[in-house]
Every structure is written in structure tokens, then in C-alpha cells.
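Here the sequence shown stands for residues 146 to 718, numbered as in the working numbering. Contents: one structure, followed by commentary.
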Amino acid sequence: MVEFSKVNIKDIKDEDDDQEEEEEPGEEIESAPPLKVGEEREIKSPFGCLKKKLLKRGVNWESPQFGDEVTIHYVGSLLDGTEFVSGDMDKPFTFRLGHGEVVTGLDHGIITMRKGEKALFTLPPEVGYGEAGTDGVPPDSIIQFEVELTSWITVVDVFRDGGIIKKIMDRGEQVGPPNDLDEVCVNYKVTLVDDTVVAKTPEEGVEFYVKDGHFCPALPKAIKTMQRGERVNLIVQPQYAFGDVGKESVEEFPPVPPDSVLNIALQLSAIKPVIDVTGDMKVKKKILKEGEGVLTANEGASVTIRYIAKLEDGNVFERKGFDGGQPLEFITAEEQVIIGLDRAATTMKKGECATLTISPEYGFGSSEVKQDLSIIPPSSTVVYEVEMLDFTREKAPWEMSNLEKIEAAVRKKEEGNQLFKTGKYQRAGKKYEKAAEYVSEGGVFTDEDQKLVKSLRLSCWLNGAACNLKLNDFQEVIKLCSKVLDVESCNVKALYRRVQAYMEVGELHLAELDIKKALEVDPLNREVKLIQKNLKNLLAESNRRDAKLYSAMFSHMANDSSNAVKRLKTADD
């Protein structure tokens, strides 16, 4: 059999990197209507044009790419029909596209094909055997290849350094790839280049968290590129395996010698996504079973769950909804359950099953707590195995009528008032914020409703500012009071609360302006007069500090000037 020309397309591509960008190979085929059987079309490549005539349609719409490992049946012939090369029909030819294993034109023709397709390619000399020719092919000959693409394997250079080459044997489902936090289950078999088996998982596979790694550095790195169910073969160079140290023997498996290349047959059997619910890794949710649809419970939703709650050592302290017991029903964001469980519930779909790991800050805190089945020691991390049985989402403003929006705003405001009275300022602030959303300025209300809506909105902003004063969030106070003053420029409450915030952040002159305006509106307001007195004291103290600072600065400058004069006099002498 005639050998194909050894031209490495990657090397040629590197030389062309600085040149003007050329058309992508096969671009005409991709942008034009599909070829009909018997139709012929010209294909452009960076090295010249070739022609493709479709003999049999393929299946699907995917095509191989450079770097992929393709398997073909082929016949090469001259224009007069003389065959110069022919593959064995019982043993198809397998090679990697773009690695110089075949003539350039054939590489660029095959990347336009689909699985099962048969085509006739006509190659001019510049993309064939050129001036030199080869056995059976005279110099400067136009040649033809009849090719059937039987299959291909996608080959990925994971880090583009040749360190981990991944051959995709079976594509997975459209789930994944996993993240660092996720737990995965894999099956693998590891061999040396001489086929010695140095590691193998049991039939059920092994589970581990991606961030924790497993076996060798290459394994988690490759897994992070895979879909669930995907099966691959990895070729791993020593720097991603065990380097120049090697690995000692484990159980029945022999050691891995230093500087060994590994072949790993790997399948990603399962992914259990892990979600950082609170953003600080203190409430983590591992999804054991996906729920239905896309909607999750939201804040204010009525949810029904069942769960088994335990300590990290497995000691169960509470069960709900099992062994004939009633499931737990609660409303989210109402402090009816521990914060970690509450926050996690708002991320769950109907039917979803998950394991929650909750740190003490979002659990039972630093106190000992007695539960149904056991006592929870202080500062315990707790684990909940939860199933979301059902939930009813709280209506969003856009789902409500105007009357429903107003009623919801009044209700949320009143809930906020009750929370404020009990010192729960953060939750109260959220209630006021939600109430204001229901009657937002973007809503379309009747003239009759506008007065009530405006009053509700302003009172919610003002109450929210009062909450943020208690929480020392002074920038938010300034923002909320400014919103009120944009609507009612002479609102004394808004001016007074903004003065308090300005004084806390050191904006004393802005505070002075707000006090002046408030007293113009209400000259006898006792609270404003009292804070004006406090402000005067702060301004006086600020002026004294400034005077002391400037005095020291000018004194230092005077000393420097005097010393400079003395040095000049000394120089003159």
C-alpha cells in the first residue's frame, strides 16, 4: 500500500499565524445549502482548492475536526481510473486529522463529512502529492480519493501542552461538566505503556469531591471537562501523573515507576452537584435527585418538606415526614426554621432530594439545643437529608392585580412594623423593601389609587431607612432618604434621618444643609434642633482638629525654610 505524504498541518498553520486571516476550511460547504447526492462543489483550504462530490449522505450534522481520530474506507486513483492506493475493506484506516498522516487535501475534505457519508474528492497537486509525486502517482498529478467516513473519536489536548490527551469514546448526556465542589462517581482502569495494570476501581466505581482530587493530578482535571456518562481514554504524561517520583504499590497493584506515561480508561458515571447556598461555604447543598421543571421555592413561599436531621457523626436528632410522621410545612424567610434550612429550601425544586451541610452560624449556634431524638451540642455542624415535597411560590408583583399589589404592600409593611418593634431590623428592612416593590414607581395605578400608593412607597422607604440606621448601614440610609426627597423635597423625617447618616460618615457640611432645610420647614422641631446642637459640637471639634493640623503643617514648613536659609549662608561663607 502506498504511504500518504507526511505533512504536519499544525506546523504550516503556525507559519501562517502572522498572515492575514484566511477562510476557514470547508466554509463554502457550511455556508451553502447541503450537497445533494451526485452534486459536486469546490472546497477552499489555506493551501488550495479541492472538489467534493457527494456519493452517499451521512447521518446527523456533526463533522470531525482537526485533531480527531477518524476511521475511513478509501480508494485513491488517478483521473484515468488507475488505482494507486486502496484500503482493506475488512480493516479500515484510522488516523488523526491534521497530523500529516495523509495528504493535505484529504484532511480538509474529511472535515466536511458526516458519519456514514461517502464522497469523491478531486485534489490538485498543491493539496495532493505536488511536484514530487509518490509511488503510482506521477509528479504534478490531479488525484481522486473515494472516502467513506465510518466513525471518528474526538481527541482533546486538555491543556494544549500534550500533557493530557483525551479521546472521547462515548459522549455523555448534556449534564456537566462538574465543578470543584461537586461529588462524582467514576470507574477507571490505569495501565502503563506495556499494559501493566497499576490501578482499577471496583465495579460500582469510587466517589469523591472533585476539589479533593483522586489517584493522580490528571484525573480531576480531565473529569472537569466531561459530561455525565462520558467515556474517555486518557494518555497522561508524567508531569500530570506521578512525575519523577513514581508511586508505591497499593494492595494487589504494582508500583508506578518514575517518569511513567499512564493510559487511563475513564467513565464519569454520576455527578452530584454541590451548591454553595450562602456564598461563604457554610451552607452546602449536594443534589442527590434533580427536581421537576425549573422553578424553585422563593422567599415567602409556603413549602412542605420531609427530612432526617443528624449530627456529623450520624446521630439523628430529628425526623419529619418519615415512618408515618407528618412532613414539615413552613413559610420561607420567616425564621420558622434554622437559617441554613430556610435558605436552602429557596433553592430547591419540587421532588428534589438533597443533603444539606449547615455550619453552626446558620444552624443552632453556640448553645446546646434539645431536639426530639437527641441533644445538639454547642457549635455543631448539622446535616439534613431533605426532600422538597411541594411548595407554593409567593406571587411576584407582575402576577398581581393593582388591588392585590396594594393589599400585599400594606400587609408586608405591617409585618415589617411588628418585626421592627421586636428588634429584628434586618428582616423588617426586607419586608419594607418588598412592600415598596409591590407599589413601585413603574406600576400603572389609577388616579384614585395614586395617593395611597405614593404614601405607602414613601413610608416604606422611610421605615427602611430607620432599619438601616439601627444596622449601621449609613449609605443605604442616605440612598433611601434621597429617594423620598426626590418625591417630597421638604419631608422632614427624610431630612432628619439623612442628617444622622451624614454625621456618621463624616459628611458634616451636607448634614448642615439638610438641617437648615428641615428647620425652614419646621422651625420648632425638637429632634432637629437637638441634632443641630450635636452637629455644631462636631463641626467645632472638626475645625479644632483642622486648625491643629494646619498649624503643625505650617510650622514644619517654616522650620524647613529656616534650615534651608541656614544651609545657604553656610555655603556662602
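The beta-carbon is built from N, C-alpha and C at its ideal position, and this holds for glycine as well.
Roughly how many angstroms lie between the CA atoms of residue i and residue j, to the nearest whole one?
i	j	result
T464	K575	Strictly speaking, residue 464 in this sequence is Arg, with Thr absent from that position. Their Cα atoms are separated by approximately 31 Å.
R488	K431	14 Å
L195	E349	51 Å
K334	L379	10 Å
P668	R642	17 Å
V401	C330	24 Å
I310	G321	20 Å
D592	V598	10 Å
G510	D357	28 Å
Y577	K558	5 Å
K681	Q571	32 Å
K236	T216	10 Å
A415	D458	25 Å
L407	I313	16 Å
E582	A611	18 Å
P283	T239	26 Å
G438	G496	10 Å
R136	K540	Only positions 146 to 718 of the chain appear in this structure, which leaves residue 136 out of reach.
Q319	N547	42 Å
I256	V422	44 Å
A344	G193	49 Å
G184	K494	Sequence inspection shows Glu at residue 184; the Gly mentioned does not correspond to that position. Cα-Cα distance, rounded: 52 Å.
K198	G221	15 Å
T500	R376	27 Å
V230	Q372	40 Å
G171	E228	At G171, the pLDDT of 42 sits below 50, so the modelled position is not reliable; the number obtained from the coordinates is stated separately. The alpha-carbon atoms of G171 and E228 are separated by roughly 26 Å.
E168	G243	In this predicted model, E168 has a pLDDT of only 40, less than 50, meaning its place in the structure is not dependable; the value taken from the coordinates is given anyway. The alpha-carbon atoms of E168 and G243 are separated by roughly 17 Å.
I368	G508	33 Å
K678	E479	41 Å
P269	L180	21 Å
L413	F353	12 Å
E530	I298	41 Å
F290	E262	13 Å
S524	H654	47 Å
A685	A692	10 Å
Answer yes or no: do residue i and residue j have a C-beta to C-beta separation smaller than 8 Å?
i	j	result
F266	G278	no
V355	D327	yes
R538	L440	yes
L564	A554	no
H218	G203	no
I287	L224	yes
G609	L625	yes
M648	A656	yes
V292	E214	no
V272	G245	no
D517	F462	yes
K429	V419	yes
A410	A386	no
G469	Y452	no
P399	T341	yes
L614	A580	no
With DSSP as the reference, identify every bridge partner of residue i, one or two as the case may be.
i	result
F290	G221, F266
R376	D315, Q412
A446	Per DSSP, none; premise fails for A446.
R231	Correcting the residue type first, residue 231 is Ser in the shown sequence and not Arg. In the DSSP output, where bridge partners are listed per residue, S231 has V220.
M533	I450
E187	K196
L501	K430, Y529
R464	I453
E89	The shown model of the chain, from 146 to 718, leaves out residue 89, and the question about it has no answer.
I420	K430
F398	V395
K201	K263
L407	V381
V282	T279
L473	I450
K236	D233
Please look up how many angstroms separate the CB atoms of residue i and residue j, rounded, as I've assumed it's under 8 Å.
i	j	result
A454	T477	Contact flag wrong, Cβ pair sits at about 18 Å.
V632	L603	6 Å
A646	V622	4 Å
V514	L456	Going by Cβ atoms, the distance from V514 to L456 rounds to 11 Å, so no, they are not a contact pair.
E207	R259	7 Å
I520	I503	I520 to I503, Cβ: 17 Å. No contact.
T370	V303	6 Å
- Query: Which runs of the beta strand (DSSP E) fall wholly inside the segment 294 to 355 and span at least 3 residues, in chain order?
  - Reply: 309 to 315, 328 to 336, 342 to 345, 351 to 354
- Any chance you could list the beta strand (DSSP E) runs of at least 3 consecutive residues sitting entirely within the segment 505 to 574, in chain order? 527 to 537
- Query: In the segment 652 to 682, which residue ranges form an unbroken alpha helix (DSSP H) of at least 4 residues, counting only runs that do not cross its ends?
  - Reply: Along the segment 652 to 682, the alpha helix (DSSP H) occurs as fully enclosed runs of 4 or more residues at 653 to 666, listed in sequence order.
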